[in-house]
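**Student:** The opening residue of the sequence shown carries number 29 in my numbering; numbering runs sequentially from there.
Think of the CB as a built atom: it goes at the ideal place given N, C-alpha and C, for glycine as much as any other residue.
I have a structure I would like to understand better, so I am pasting it below and will then ask my questions one at a time.
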Amino acid sequence: MTGNKTFTMIKPDAVEANNIGPILAMINKAGFKILAMKYMRLTKEQAGMFYEVHKERPFYGELTEYMSSGPIVAAVLTKDNAVADYRKLIGATDPTKADEGTIRKLFAKSIAANAVHGSDSDENAEIESNFFFSSLERF
Ligand code: IDP
Ligand code: MG
């Protein structure tokens, strides 16, 4: 069974480039509703906790440095088949390989500064949503 929730972040490069609005518009246009949202800045330690699964990867230091370099928008989104449909909307991790019309193709600066995060499974969508939001912050 596929779930109906996913977790996203608009990353520091996209916030800095004034692309919060256009990205949220694409998210809404694609049929996702926003269940929770906040605008905040992660510490390097918090970014490290969020990306714990990547801690052995060579880019972990660069990634956590970058993700704590400026504010982000975190949100929980809902739609049927949310995880897979959102991955399709954002496109490949490397923006040079992302399909035309995807959020990363349109807004990402590089493979690290790639505009948005999207959960890769229902299980991680739940874990990631719980990392950022309490039950009182979800609608
Ligand atoms: P995803 O965000 O498309 O799921 P992951 O492989 O889970 O991609 O990687 C998490 C994040 O780490 C990416 O979104 C990107 O910001 C960063 N990243 C992935 N691969 C590289 C790399 O080769 N160099 C630098 N940063 C990377
Ligand atoms: Mg991932």
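1) Taking 7 Å as the cut-off, does the CB of N158 come closer than this to any heavy atom belonging to the ligand IDP?
2) Starting from the C-beta of R132, find all residues in its chain whose C-beta is less than 6 Å away, skip the five residues before and the five after it, and write them out in chain order.
3) From what residue to what residue does the beta strand (DSSP E) around V43 run?
4) Beta-carbon within less than 6 Å of G31's beta-carbon, same chain only, minus the 5 sequence neighbours each way: which residues are those?
5) Is the number of C-beta pairs between the stretch 153-162 and the stretch 34-47 that are closer than 8 Å three or more?
6) Would F60 pass as a contact of K107 if the rule is Cβ separation under 8 Å?
7) What do you reckon, is the C-beta of D5 under 7 Å from a heavy atom of the ligand MG?
8) Would you tell me roughly how many angstroms separate the C-alpha atoms of G146 and K57, rounded to the nearest one?
9) Locate the alpha helix (DSSP H) running through L117, then write down its first and last residues.
10) Threshold first: 3 residues or longer. Then list the beta strand (DSSP E) segments lying entirely within the stretch 81-146, N to C.
11) Once DSSP output is grouped into helix, strand and coil, what is the label at F35?
12) Can you find the residues in the same chain that come closer than 6 Å, C-beta to C-beta, to A110, ignoring five residues on each side of it along the sequence?
13) Is any beta-carbon of chain B found at less than 8 Å from that of G146?
14) Measure from the alpha carbon of Y114 to the alpha carbon of each residue in L91, A45, M54, R85, then state which is nearest.
15) Considering only DSSP beta bridges, list what Y67 is partnered with.
**Tutor:** Checking against the coordinates, here is how it stands:
1) With a cutoff of 7 Å, N158 does not count as near the ligand IDP, since its C-beta is closer than that to no heavy atom of the ligand.
2) Result list for R132: I118, G119, P123, A126, N142, A143, in chain order.
3) Per DSSP, V43 belongs to no beta strand (DSSP E); it is in the alpha helix (DSSP H), 40-44.
4) D150, listed in sequence order.
5) The answer is yes - the stretch 34-47 touches the stretch 153-162, with three or more Cβ pairs under 8 Å.
6) Yes, these two residues count as a Cβ contact at 8 Å.
7) Not covered by the structure: residue 5. The range shown for the chain is 29 to 167.
8) CA-CA distance, G146 to K57, rounds to 17 Å.
9) Run containing L117: 110-118, per the alpha helix (DSSP H) assignment.
10) Scanning the stretch 81-146 from its first residue to its last, the whole beta strand (DSSP E) runs of 3-plus residues come out as 100-106, 144-146.
11) In the structure shown, F35 sits in a strand (DSSP, three-state: E or B).
12) Same-chain partners within the cutoff: N32, K33, T34.
13) Within the model displayed, chain B is absent; a lone protein chain is all it includes.
14) Put simply, of L91, A45, M54, R85 the residue whose alpha carbon is nearest the alpha carbon of Y114 is M54.
15) The beta-bridge partner set that DSSP reports for Y67 consists of V101.
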